[in-house]
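What follows is a short report on a single structure.
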Amino acid sequence: MMFNRTASVFCLTMAFTGIFSNQVTLAESVNIQFRGVVEPRASFGMSTPGKMESSFSDKAGKGKNEFTSITPAKINVQTSNPITITVSSPDIFDIHSATLKVNSVQVLGNNVTLPAGKNTVEVDMLSKQNRVFAPGTYNYDVTLTMVSP
Amino acid sequence: MLYRLAIASGLLLASFINFIPNALAEVKFSNLSPGVIEAKGVDFKVLESVVPANINVNVPSGTTAQITVLSPSFASGPSRDPSGTKKVGFVEFGSNKLSSDGNNNTITLPAEDTNLEVGLRVERPVSFTPVTYNYFVNLSVTIAPQ
Chain A
16 MMFNRTASVF
26 CLTMAFTGIF
36 SNQVTLAESV
46 NIQFRGVVEP
56 RASFGMSTPG
66 KMESSFSDKA
76 GKGKNEFTSI
86 TPAKINVQTS
96 NPITITVSSP
106 DIFDIHSATL
116 KVNSVQVLGN
126 NVTLPAGKNT
136 VEVDMLSKQN
146 RVFAPGTYNY
156 DVTLTMVSP
Chain B
424 MLYRLAIASG
434 LLLASFINFI
444 PNALAEVKFS
454 NLSPGVIEAK
464 GVDFKVLESV
474 VPANINVNVP
484 SGTTAQITVL
494 SPSFASGPSR
504 DPSGTKKVGF
514 VEFGSNKLSS
524 DGNNNTITLP
534 AEDTNLEVGL
544 RVERPVSFTP
554 VTYNYFVNLS
564 VTIAPQ
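Just so you know, the sequences run in chain order A and B. In this text, residue positions in the first sequence follow this note's numbering: the first is 16, and each later residue adds one. In this text, residue positions in the second sequence follow this note's numbering: the first is 424, and each later residue adds one.
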């Protein structure tokens, strides 16, 4: 009688254990760490050359040429931090000037601080010379320099 | 009677002992080396692993294990992930590749030791501002007796 009871308990225990063993699942999880430093960076993108047109005037026998841009040069500037960009004068003599537009806003002066992100910088230039240019094609360079403020 | 009781107790104990190894069998993680992430692209909107994290996972024999990789989580940095950020966690071992963003984010792990390579990619709709970022990828392993 006693053995029967014990056997019953044992069988039930085995059955319980068997069921439980088949159903148990354990979950473990782990977090994998990643670390990185985003360095301050700034870069110029591809530039699109500007286009100029010449005009000639002759007052009192003094011939005068003038170059003005009809299409501004464009360049994209990508920066992670605000930077200051400065435009140089074109590499010519006599009266000349270059002006900047940043994101379609005219800049007063020869430098401006660009906000972080992508900016479109447009460069216009004007050149006046008190002499007559010989016919042909003329090329001018304008230098943009960016520095961390 | 005492004899019978002793036999029954012995058998009962044996059944529990038989059960214990399965119930207490655990997955063990070791040799964890963190990963390195770097900003990519001209507009600094992508941060992804350039050196994968490594971890060894030990699956006890006699069990079946499945691993799931979850989407990366932001831990610290100068700015939190804005709405619209796309985050993907990756795991590779052997020829197996898991990705948290698809249907293949879970796979069966072989028994014993497996070295996992873990990576991530975070793409924000805006640029990452400079300085240090920390992310983590959660791996979850479930085991069941075979």
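Even for Gly, the Cβ is constructed at its ideal location relative to N, Cα and C. All of these numbers come straight from a predicted model, not from anything done at the bench.
Item	Value
Identify every residue that forms a DSSP beta bridge with Ile100/A.	Val127/A and Met161/A
Answer with yes or no whether the minimum CB distance from Ala57/A to chain B is below 8 Å.	no
Using a Cβ-Cβ cutoff of less than 7 Å, which residues in the same chain neighbour Pro501/B once the five nearest sequence positions on both sides are dropped?	Thr552 and Val554
Starting from Pro568/B, follow the beta strand (DSSP E) in both directions and report where the run begins and ends.	Val554 to Pro568
Taking only three categories from DSSP, how would you classify Gly500/B?	coil
Helix or strand or just coil, what does DSSP make of Asp536/B?	strand
Any chance the segment 455 to 462 of chain B sits against the segment 40 to 56 of chain A, with 3 or more Cβ pairs inside 8 Å?	yes
Residues in the same chain with beta-carbon distance under 6 Å from Lys510/B, minus the five sequence neighbours each way, listed in chain order, please.	Ser494, Pro495 and Val545
Expressed to the nearest angstrom, what Euclidean distance is found between the alpha-carbon atoms of Ile478/B and Ala131/A?	37 Å
Could you spell out the range, first to last residue, of the beta strand (DSSP E) harbouring Ala42/A?	Leu41 to Val53
Could you list which residues in chain A have their beta carbon closer than 7 Å to that of Asn479/B, in chain order?	The contacting residues do not exist; Asn479/B stays about 11 Å from chain A at best.
Answer yes if the segment 457 to 476 of chain B comes into contact with the segment 521 to 528 of chain B, meaning at least three C-beta pairs across the two stretches below 8 Å, and no otherwise.	no
By the three-class DSSP mapping on this structure, what secondary structure does Ser88/A have?	The residue you asked about is not Ser; residue 88/A is Ala in the sequence shown. Correct three-state label for Ala88/A: strand.
By the criterion of Cβ-Cβ separation under 9 Å, what are the contact partners of Asn96/A in chain B?	Thr552 and Pro553
Does chain B have any CB closer than 8 Å to the CB of Leu41/A?	yes
Sorted by chain position, which residues of the same chain lie with C-beta nearer than 7 Å to Ser550/B's C-beta, five sequence neighbours on each side aside?	Asp466, Phe467 and Lys468
Rounded C-beta distance between Pro87/A and Glu137/A? I'm assuming under 8 Å.	4 Å
So, Val92/A versus Asn134/A, is the Cβ gap smaller than 8 Å?	yes
DSSP state of Glu137/A, grouped into three classes?	strand
How far does the beta strand (DSSP E) with Ser453/B in it extend, from its first residue to its last?	Lys451 to Ser456
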